[in-house]
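Asks: Before we start, here is the structure in question, set down as structure tokens.
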Amino acid sequence: MNYVIDRRLNARNKSTVNRQRFLKRYRKQIKRAVDDAVNKRSITDLERGEEISIPKDNISEPSFRHGKGGTRNTIYPGNKEFNAGDRVKRPPSGGGGGGGGGDASDSGEGEDEFVFQISQKEFLDIMFDDLELPNLVRKNLTDLESFKMVQAGISEEGIPSRLNILRTMRSAQARRMALSAGSRKKLRQVEVALEEAEPGSDEIMALLEQRDSLKRRINRIPFLDDFDLKYNLQAKLPLPSNKAVMFCVMDVSGSMDQSRKDMAKRFFTLLYLFLQRHYEKTDLVFIRHHTSAREVDEHEFFYSRETGGTIVSSALKMVDEIIKARYPASNWNIYVAQASDGDNWKDDSPLCSKIIVENILPVVNHFSYVEITPADHQALWREYENVSAEWEDRFALRQVVEPSDIYLVFKDLFQKRLV
Amino acid sequence: MKQNFISENSEWSFELIDKYDKAIGEIADSYGLDTYPNQIEVIRSEQMMDAYASVGMPLGYNHWSYGKQFLNVEQNYKRGAMGLAYEIVINSNPCISYLMEENTMTMQALVIAHACYGHNSFFKGNYLFKAWTDAESIIDYLLFAKKYVTQCEERYGVETVEKLLDSCHALMNYGVDRYKRPFPISALKERLAQHEREMARQKQVNDLWRTIPGVRQETPETQAPNFPNEPQENLLYFVEKNAPTLEPWEREIVRIVRKTAQYFYPQRQTQVMNEGWATFWHYTLSNSLYDQGRVNDGFMLEFLQMHSGVIFQPDFDSPYFSGINVYTLGFSMMRDIRRICENPTAEDKKFFPDIAGSNWLETLQFAMANFKDESFIQQFLSPKVMRDMHLFNVLDDEHQSELEISAIHDESGFKLVRDLLAQQYNLTNKEPDIQVQNVDLKGDRSLTLRHNQQSGIELHEESAEVLKHLHRLWQFDVHLESYNGSQRVSQQECVANQASA
């Protein structure tokens, strides 16, 4: 008897476990390949999988095999001009038709890379592997905005759709048994008496009547009563807020050319991807500034150019205002990332650090400042250094010169710290 | 001719698969093919990749090497470097064959003929499969193995088990009995016996390694007998029974790997025959379908195109060449046996007096049932096939500066070519001959292996790695001595501190 079975809907990821084990085993090599890839990739490209290649030597499974030397015979197909007794030059190993046949002749090819594809999720997992978000606090249970309904036992009251049938029937049965117990006992006695009684006697008539009335009484007990009904009780469980907002603050004065903006964008993108992994929802706020600040959309943020002087405090003031207006710190995890080439109006820098220390740092989870310049630091950096000394856990600043520094700086900023 | 096409376009449906299966089954019956019941499973390409990765086992224990295999297949398939096989068939009862959803109706029919009737009847009929595998219980046994390994992982940690499996896999090819006739495995007995075995095995090992002086029969002066008495070819079996410090569960896992290797051993010995037989039957059965008017010309053209793809043999100097195509060789030989039976020439009568002019069906069945690749080629490779394939032998002697063409497909070369091709499919020649020589029972417990060089061929450098794995199982020093004839040519070893490096 033959059967045809449709298995197309069965799980197709039978190999997932084995695949994960392989990735875990070669984590180090894969991590190296991923780090290389992050540095090479263009910014828009970070969100896809990656082709990973690791040397075959590292992952070979050894076995006893034939090696070099000796005398061996190999039969080949497709003879054209050879005759028995002909002699031919030994072909260079691994070339042309030399391969195949005996296992031993494959040995020249050990240098190949083992290439495979990992998914975007795996890519990001590995990329952010040993990084962590500092000051990750689940915000706020007081301002109840999101709830989850959870099972909370059984209740006597409820709506019909939550009726717990099993419990209801159980309780109805118990009630019926309890209420009818006396009558049933009497009924049993009556029936015994009936069997023993003389046929045709008065006693029989009385007993029969008694039996019928008892039966009626038992039948009168309702099958289901109001107080039998049991309902599943559901309770509202408040959920801690799991959302973040990320402020991208960038200097767009004349000195920030496109390549610097690209570097800034890389940093922002990395941070955004990183935040996305920790929060269900991540809002983005883009603020650009020269002498005055403006909230813009993503495209304008990265691609339009303006010239003029630089007043950093304008942007910081705006961050503060937006936080107060739209993102109350009690509900939101707030991250600020600022990128600049370090230029600032001379008298403005102390004001910046004042705003940061007094208004921003008390409410944000983390503030990172990236200075994109090969030149010496200016007043702003020095001011920030003081802030950083005071607010070590929330405020970090780093300098970036080349695109390849970005990922290193990023890793450095969010390195897992041993407590 | 009466025309009664089963289908006329390339779309398949379950109903059609059923119809084709019935039609093909009837014809197979008329040829006397004896098969297990078929279980045909339709799967998608991703599932096919899964099946690939687990080397054709419908379920296997978890190990990273299968993951590596999977990534490799996936990468090649996605890049288009490799097409997936049309089918995978499992030697079990019922015989499970996988058909891919993407195939056309013609391909499905070809696969049904090839796998469900070709391979299936081979599994049931060939003496190696009969002796070495038990189609009834293999699925159950694999399930038992998977569960057992998972349990061990839970109890002793994934990493510990993984290391042990790594070591066993390195010796997997040396986990088979080549000459002894094994007992078929049965999952039920296996489970029942497992606990008992653990105890008994440990006791035996304890006896062997007893350090408390017992009542000695022999005086210390008499020469200590060699242990083992005779060299042992099954390294994993030897380890399982005699390794001094393995835990009972570790011995069980060694056993599982060994049993799995044993299950695949017949397949590795009958590639030419198995594929040749299956190809011969998909060819014969499809042609019969056409002759009966059950399929149309379109079906036949598509079929022939695929069939010729399967049996394409690039010449040795072609860039596509990668050894002899077992489908081509097997198919050519099977067809030629039929030809020799039906239309023998003078040459055939000289070479094959027994079978020339005999009943072709009986002769083929006999060939299928009673041979393995090596003996099959030795017995049935005809001059015509050698001529058609233009086979020739290249002698590569490291002491000569040039290669020698020692024999070609001519009158004087037939026998030599046939002998050498048969040797090429002899598994004992493909793998180095390594056996357990001695264990130093009274001294440092070291294990000595003996490698007998064949034609002066050295061991691959990788063997140093394999020794480390063997050391992990044996736990004491391991020596490997290479002999050329009776002369020792080289020696390597793995001692305690090396292994941990």
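Just so you know, the sequences run in chain order R and B. Using the working numbering, the letters of the first sequence correspond one by one to residues 1 to 419. Using the working numbering, the letters of the second sequence correspond one by one to residues 420 to 920. From the three backbone atoms N, C-alpha and C, an ideal C-beta is built for every residue, glycine too. As the structure is a computational prediction, the values presented were derived from the model and not from experiment.
Is the distance from the Cβ of A472/B to the Cβ of Y485/B below 8 Å?
Replies: yes
Asks: To which residues does DSSP link D816/B through a beta bridge?
Replies: T71/R
Asks: How would you call S330/R, buried or exposed, if buried means at least 16 neighbouring beta carbons within 10 angstroms?
Replies: Exposure of S330/R is indicated by the presence of fewer than 16 other C-beta atoms within 10 angstroms of its C-beta.
Asks: Suppose you measure from the CA of G594/B to the CA of E652/B; what does that come to, to the nearest Å?
Replies: 8 Å
Asks: Using a Cβ-Cβ cutoff of 8 Å, what residues of the stretch 834–863 of chain B are near chain R? List them in chain order.
Replies: V836, L839, L840, Q842, Q843, K849, E850, P851 and I853
Asks: Looking at R620/B and P663/B, is the spacing between their C-beta atoms short of 8 Å?
Replies: Cβ distance not < 8 Å, so P663/B and R620/B don't count as in contact.
Asks: Reducing DSSP to helix, strand and coil, say where F563/B ends up.
Replies: helix
Asks: Report the residues of the stretch 51–82 of chain R with a CB closer than 7 Å to any CB of chain B, ordered along the chain.
Replies: Sequence-ordered contacts of the stretch 51–82 of chain R with chain B read I59, E61, P62, S63, F64, R65, H66, G67, K68, G69, G70, T71, R72, N73, T74, I75, Y76, P77, G78, N79 and F82 [C-beta pairs closer than 7 Å].
Asks: List the residues that DSSP assigns as beta-bridge partners of E295/R.
Replies: I287/R
Asks: Find the nearest neighbour of V914/B within the set V836/B, R891/B and H828/B, judged by alpha-carbon distance.
Replies: R891/B
Asks: Kindly indicate the opening and closing residues of the beta strand (DSSP E) around A534/B.
Replies: Boundaries cannot be given for A534/B, as no beta strand (DSSP E) includes it and DSSP labels it neither H nor E.
Asks: Leaving aside the five residues before and after F718/B along the sequence, list all residues of the same chain whose C-beta is less than 6 Å from its C-beta, in chain order.
Replies: T525
Asks: Can you tell me where the alpha helix (DSSP H) with Y746/B in it begins and where it stops?
Replies: If you look at Y746/B, you'll find it in the alpha helix (DSSP H) that goes V745 to E761.
Asks: Below 9 Å between beta carbons is the criterion; list the residues of the stretch 185–215 of chain R that meet it against any residue of chain B, in chain order.
Replies: none
Asks: Relative to the alpha-carbon of W345/R, which residue among Y327/R, T74/R and G308/R has its alpha-carbon at the smallest distance?
Replies: Measuring C-alpha to C-alpha distances from W345/R to each of Y327/R, T74/R and G308/R identifies G308/R as the nearest.
Asks: Does the beta carbon of R87/R sit closer than 8 Å to a beta carbon anywhere in chain B?
Replies: yes
Asks: Tell me which residues share the same chain as F646/B and place their Cβ nearer than 6 Å to its Cβ, disregarding the 5 neighbours each side in the sequence.
Replies: V858 and L860
Asks: For chain B, is any of its Cβ atoms less than 8 Å away from the one on S304/R?
Replies: no
Asks: Are the C-beta of M808/B and some C-beta of chain R separated by less than 8 Å?
Replies: yes
Asks: Would R463/B pass as an interface residue toward chain R - the criterion being a Cβ-Cβ separation below 8 Å?
Replies: yes
Asks: How close, in whole Å, do the beta carbons of M692/B and D792/B come, if the pair is a contact with beta carbons under 8 Å?
Replies: With 8 Å as the limit, M692/B and D792/B qualify as a contact, their Cβ atoms being about 6 Å apart.
Asks: Where do the N-terminal and C-terminal ends of the beta strand (DSSP E) with V595/B fall, by residue?
Replies: Run containing V595/B: none; DSSP gives neither H nor E here.
Asks: From I459/B to N495/B, what does the alpha carbon distance come to, in whole angstroms?
Replies: 26 Å
Asks: For Q458/B and chain R, any beta-carbon pair shorter than 8 Å?
Replies: yes
Asks: Helix, strand or coil: how does DSSP classify D343/R here?
Replies: coil
Asks: Please classify L720/B: is it buried, with 16 or more other beta-carbons within 10 angstroms of its beta-carbon, or exposed?
Replies: exposed
Asks: Could you name the residues of the same chain whose beta carbon sits closer than 8 Å to that of L584/B, not counting the 5 residues immediately before and after it, in chain order?
Replies: Y480, H482, V568, I672 and V676
Asks: Could you tell me which chain A residues have their CB closer than 8 Å to the CB of K497/B, listed as they occur along the chain?
Replies: The structure shown contains no chain A; its protein chains are R and B.
Asks: Express the C-alpha separation of L889/B and L590/B in angstroms, rounding to a whole number.
Replies: 8 Å
Asks: Which residues in chain B sit within 8 Å of S15/R, going by Cβ to Cβ distance?
Replies: Correct list: M468, D469, A472, S473, Y485, G486 and F489.
Asks: Should T7/R be flagged as near chain B, meaning a C-beta pair shorter than 8 Å?
Replies: The sequence shown places Arg at residue 7/R, rather than the Thr named in the question. Cβ-Cβ to chain B under 8 Å: yes for R7/R.
Asks: Helix, strand or coil for E113/R? Go by DSSP, reduced to three states.
Replies: Residue state, collapsed to three classes: strand.
Asks: How far does the alpha helix (DSSP H) with T664/B in it extend, from its first residue to its last?
Replies: Looking at the DSSP string, T664/B is not in any alpha helix (DSSP H), and its letter there is neither H nor E.
Asks: If you check the beta carbons only, do L783/B and R837/B fall under 8 Å apart?
Replies: Judged by beta-carbon spacing, R837/B lies beyond the 8 Å limit of L783/B, meaning their Cβ atoms are not closer than that value.
Asks: Buried or exposed for L618/B, going by 16 or more other Cβ atoms inside 10 Å?
Replies: First, the amino acid is wrong: residue 618/B is Met here, not Leu. M618/B comes out exposed.
Asks: Measuring straight from C-alpha to C-alpha, what distance separates P513/B and L124/R?
Replies: In this structure, the CA atom of P513/B is about 44 Å from the CA atom of L124/R.
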